[in-house]
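Here the protein sequences line up with chains B and G, keeping their order.
For the first sequence, the numbering used here gives the first residue as -18, with consecutive numbering after it.
For the second sequence, the numbering used here gives the first residue as 392, with consecutive numbering after it.
Even glycine gets a Cβ: it sits at the ideal position worked out from N, Cα and C.
Since the model is a prediction, treat every value here as computed from it, not as a measurement.
The structure appears below as structure tokens.
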Amino acid sequence: MPDNDLLKTKLYDIHLSNNAVMVPFAGYNMPLHYDLGILKEHLHTRSKAGLFDVSHMGQCFLYSDDLSFLSVAKALETLIPAEISNLEPGKQKYSQLLNSDGGIIDDLMIGRLGFEGQEHKLYLVVNAGKKLEDFEYIKKNLPEGVNIDIADDSLSLISLQGPEASEILTGLNSSIADLLFMSSVDVPLTPNIWGHVSRSGYTGEDGFEISVKNSDVRSLVNILLQNEDVEMIGLGARDSLRLEAGLCLYGQDIDENISPIEAGLIWSIQKSRRLPNMQYKGVKRIIADIQNVNSKRLVGIRPEGKVPARAGTEIQDAEGNQIGLVTSGGYSPTLGCPIAMGYVNGKFKKVGTPINLVIRNKSMPASVVKVPFVSTKYYRG
Amino acid sequence: MSVYYTKDHEWIRVSQNIGVVGISSHAATQLGDVVYVELPELGKKLIKGEELAVVESVKAASEVYSPVAGEVLSVNETLEDQPQTVNESPDDGGWFVKISISDMNDLESLMSQDEYSAYCIGS
């Protein structure tokens, strides 16, 4: 394996000392799982608290020379379907970077900084595998006077997820207790370590994403690992957790040919942004896909038996006609049964619709179900 | 009774012309938590190297190949409800199938336990 070419996060040594099985992912050498294994890491995150290294993800800030938040928000709003100009300080939204055809270049988190003197800035977190392309695309499309500050070389990112996460982090700074889902604060976590803490994640659990300086991340992780309820969690469980939560994985469930409407992400597009007078990239496709009930839709799928349906599995209607493909599929450790997501022709998107999955040349019964598969525990106060 | 191993990490424990097939503990560890095992039908005639079973872990599906040509005499029904037995006892309770071996010469190309251990260290 040409590991030499792979990048390492600042937590690489900690992964190795925790016996991680390392795999190449998006150009980085990342932990697939640790001693517990994927299944137990998954269940641990659902019952206690899981700690993830997500430092491979891209972090950047957008700001305007005139220090106006509105200038930055309006600039970014030309590239994404979400409304940003109404974002309050310390709040964040999920959205998608769109190309001119309305396909998804990447999905991302967009936060407005909440601390005094920085409220005019946007903080973005994008996927590792797309970050260089994203940064280039954003830069190219920003108007004169609006700038991108790429923080990849200076900031690390970790995520603490699960029912114990709040109590554990509150022990480091009590102000975190009141933070609501999709909100952030910038606070000291030790006398020397400041973190940008947002209440969000990729597991469906209550949890936090914490951006800290590269030079602080190892100390912070070691402090968190002192708590016996905290386990390091690898990419394997990260994938099964997000699938149970019904969250899309870029490159698998969404890509440059798929629109946010097809991907079931209409909830992330405010009503005012679904109007034909909107000017952002790909808006025509967004409006067309909303109107076209036959355009494909991402749905949750529950196979009837025990056989997992993996990505690429053909989906058929009751008569055996192909109606779509599975894009994410596996075993749900929480439910103890297989679950999947895939695209079907819009006619088949209704919950309860019987479908068939072709697995190893056998037709297996399944049905369309609602997502998330496992109810989310987001803290909304 | 002798045990032989394949390069694909299956083992076959042979007594006269009957072989019991499973996967090595090395393979079970590599696969991770097994959540489903698809076993062949009784009476299925296998050729050497043919797909014998499919093991599904949380992450992925992997094929298990038949170390020898033969016919499926019985399958381990425990795996239907307790697929994790493959992880817990890969060399014993986690066996997959019992085969009547049609050509004992098939065993000659397989590895002994010592050869297999060396093979795992080398790979």
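Next on the checklist: Please report whether the beta-carbon of Gly423/G lies at a distance below 7 Å from any beta-carbon of chain B.
Outcome noted: Residue 423/G sits at position 32 when you count from the first residue of the second sequence. Yes, its Cβ sits closer than 7 Å to a Cβ of chain B.
Item to check | CB contact below 7 Å: Leu228/B versus chain G | outcome: Counting from one through the first sequence, the residue named residue 228/B turns up at place 247. Chain G, which has no Cβ nearer than 7 Å to the Cβ of Leu228/B, makes this no.
Checklist entry - So Ile257/B and Pro289/B are in contact, right, with Cβ under 8 Å, and what is the actual spacing, rounded? => result On the first sequence, position 276 is the one that residue 257/B refers to. On the first sequence, position 308 is the one that residue 289/B refers to. A small correction: the amino acid at residue 257/B is Pro; Ile does not occupy that position in the sequence shown. Rounded, the Cβ-Cβ distance is 42 Å, inconsistent with contact.
Item to check | Contact under 7 Å by Cβ, Ile304/B with Val325/B | outcome: For the purposes of this step, residue 304/B is identified with residue 323 of the first sequence, where counting begins at 1. For the purposes of this step, residue 325/B is identified with residue 344 of the first sequence, where counting begins at 1. Their beta carbons are under 7 Å apart, which means Ile304/B touches Val325/B by this criterion.
Checklist entry - Relative to the alpha-carbon of Leu224/B, which residue among Ile271/B, Ile268/B, Asn80/B and Thr184/B has its alpha-carbon at the smallest distance? => result Numbered from 1 along the first sequence, position 243 holds the residue referred to as residue 224/B. With distances taken between Cα atoms, Leu224/B lies closest to Thr184/B.
Checklist entry - Using the C-alpha atoms, what's the distance from Pro474/G back to Met495/G? => result Your numbering for residue 495/G matches position 104 in the second sequence. Your numbering for residue 474/G matches position 83 in the second sequence. Using only the alpha carbons, I get a separation of about 30 Å.
Checklist entry - In three-state terms, what does DSSP make of Asn122/B? => result In the first sequence, the residue the question calls residue 122/B occupies position 141. DSSP places Asn122/B in helix when its eight states are reduced to three.
Checklist entry - Which residues, taken in chain order from the segment 310 to 323 of chain B, show a beta carbon closer than 8 Å to some beta carbon of chain G? => result Gly311, Tyr312, Pro314 and Pro319
Checklist entry - Around the C-beta of Asp46/B, are 16 or more other C-beta atoms found within 10 angstroms, so that it is buried, or is it exposed? => result As a first step, residue 46/B is located in the first sequence; it is residue number 65 there, counting from the start. With fewer than 16 other Cβ atoms within 10 Å, it is exposed.
Item to check | Same chain, Cβ closer than 6 Å to Ala56/B, neighbours up to 5 away in sequence not counted | outcome: By 1-based counting over the first sequence, the position of residue 56/B is 75. Cβ within range, chain order: Leu123, Pro124 and Val127.
Checklist entry - If you count every other CB in all the chains shown that lies within 10 Å of the CB of Glu145/B, and 16 or more means buried, which is it? => result Residue mapping note: residue 145/B aligns to position 164 of the first sequence, counting from 1. By the neighbour-count rule (16 or more Cβ atoms within 10 Å), Glu145/B is buried.
Next on the checklist: Looking at chain G, is there any beta carbon in it that lies within less than 7 Å of the beta carbon of Leu20/B?
Outcome noted: For the purposes of this step, residue 20/B is taken as residue 39 along the first sequence, with counting starting at 1. Yes, Leu20/B lies at the interface with chain G (some Cβ there is under 7 Å from its Cβ).
Next on the checklist: For Asp34/B, tell me which candidate among Ser156/B, Val274/B, Lys(-11)/B and Asn342/B has the shortest Cα-Cα distance.
Outcome noted: Within the first sequence, residue 34/B is the residue found at index 53, counting from 1. When each option's Cα is compared against that of Asp34/B, the closest is Lys(-11)/B.
Next on the checklist: Against chain G, with Cβ distances strictly below 7 Å, would Pro289/B count as a contact?
Outcome noted: Walking along the first sequence from the start, residue 289/B turns up at place 308. So yes, Pro289/B belongs to the interface.
Next on the checklist: Short of 7 Å in beta carbon distance, which residues of its chain neighbour Gln233/B, apart from the five on each side in sequence? Order them along the chain.
Outcome noted: The residue given as residue 233/B occupies position 252 in the first sequence. So the list reads Ala292, Thr308 and Ser309, once near-sequence residues are dropped.
Item to check | For Gly311/B and Ile403/G, the rounded distance between their alpha carbons | outcome: Taking the second sequence and counting its residues from 1, the one referred to as residue 403/G is at position 12. Taking the first sequence and counting its residues from 1, the one referred to as residue 311/B is at position 330. Those two C-alpha atoms are separated by around 29 Å.
Checklist entry - Over what stretch of residues does the alpha helix (DSSP H) that includes Val459/G continue unbroken? => result In the second sequence, residue 459/G corresponds to position 68, counting from 1. That residue, Val459/G, is in no alpha helix (DSSP H); it is neither H nor E in DSSP.
Checklist entry - Nearest chain B C-beta to Lys489/G closer than 7 Å, yes or no? => result Here residue 489/G refers to the residue found at position 98 of the second sequence. Chain B, which has no Cβ nearer than 7 Å to the Cβ of Lys489/G, makes this no.
Checklist entry - Which bits of chain G does His14/B rub up against, with CB to CB less than 8 Å? => result The residue given as residue 14/B occupies position 33 in the first sequence. What His14/B touches in chain G: Gly423.
Next on the checklist: Is the separation between the beta-carbon of Gly227/B and that of Leu279/B shorter than 7 Å?
Outcome noted: Indexing the first sequence from 1 puts residue 227/B at position 246. Indexing the first sequence from 1 puts residue 279/B at position 298. Against a cut-off of 7 Å, the Cβ pair of Leu279/B and Gly227/B comes out as no contact.
Item to check | beta strand (DSSP E) segment containing Arg278/B, residue limits | outcome: Translated into the one-based positions of the first sequence, residue 278/B becomes position 297. Looking at the DSSP string, the run of the beta strand (DSSP E) that includes Arg278/B is Arg278 to Pro284.
Checklist entry - Taking buried to mean at least 16 other C-beta atoms within 10 Å of its own C-beta, is Asn342/B buried or exposed? => result As a first step, residue 342/B is located in the first sequence; it is residue number 361 there, counting from the start. Under this definition Asn342/B is an exposed residue.
Item to check | Euclidean distance between Cα positions of Leu(-3)/B and Arg27/B | outcome: Residue numbering aside, residue -3/B sits at position 16 when the first sequence is read from its first letter. Residue numbering aside, residue 27/B sits at position 46 when the first sequence is read from its first letter. Those two C-alpha atoms are separated by around 24 Å.
Item to check | One or two residues paired with Gly83/B in a DSSP bridge | outcome: Here the question's residue 83/B lines up with position 102 in the first sequence. In the DSSP output, where bridge partners are listed per residue, Gly83/B has none listed.
Checklist entry - Nearest-angstrom Cα distance between Ser415/G and Leu437/G? => result To locate residue 415/G, count along the second sequence from 1; it is residue 24. To locate residue 437/G, count along the second sequence from 1; it is residue 46. So the two alpha carbons sit approximately 20 Å from each other.
Checklist entry - Using the C-alpha atoms, what's the distance from Cys511/G back to Lys489/G? => result Looking up residue 489/G in the second sequence gives position 98. Looking up residue 511/G in the second sequence gives position 120. Those two C-alpha atoms are separated by around 25 Å.
Item to check | Exposed unless 16 or more other CB atoms sit within 10 angstroms - verdict on Trp248/B | outcome: Looking up residue 248/B in the first sequence gives position 267. Trp248/B is exposed by the Cβ-count criterion.
Checklist entry - If we call anything under 7 Å between Cβ atoms a contact, is Leu103/B one with Ile86/B? => result For the purposes of this step, residue 103/B is taken as the residue at position 122 of the first sequence. For the purposes of this step, residue 86/B is taken as the residue at position 105 of the first sequence. No, these two residues do not count as a Cβ contact at 7 Å.
Item to check | Chain-ordered chain G contacts of Ser221/B [CB-CB under 9 Å] | outcome: Numbered from its first residue, the first sequence carries residue 221/B at position 240. Those within 9 Å of Ser221/B in chain G are Val449 and Lys450.
Next on the checklist: Below 8 Å on the Cβ atoms is my contact criterion, and I expect Glu64/B with Gln251/B to pass it. Report the Cβ-Cβ distance as a whole number of Å.
Outcome noted: In the first sequence, residue 64/B corresponds to position 83, counting from 1. In the first sequence, residue 251/B corresponds to position 270, counting from 1. At roughly 5 Å, the Cβ-Cβ gap stays under 8 Å, so Glu64/B and Gln251/B are in contact.
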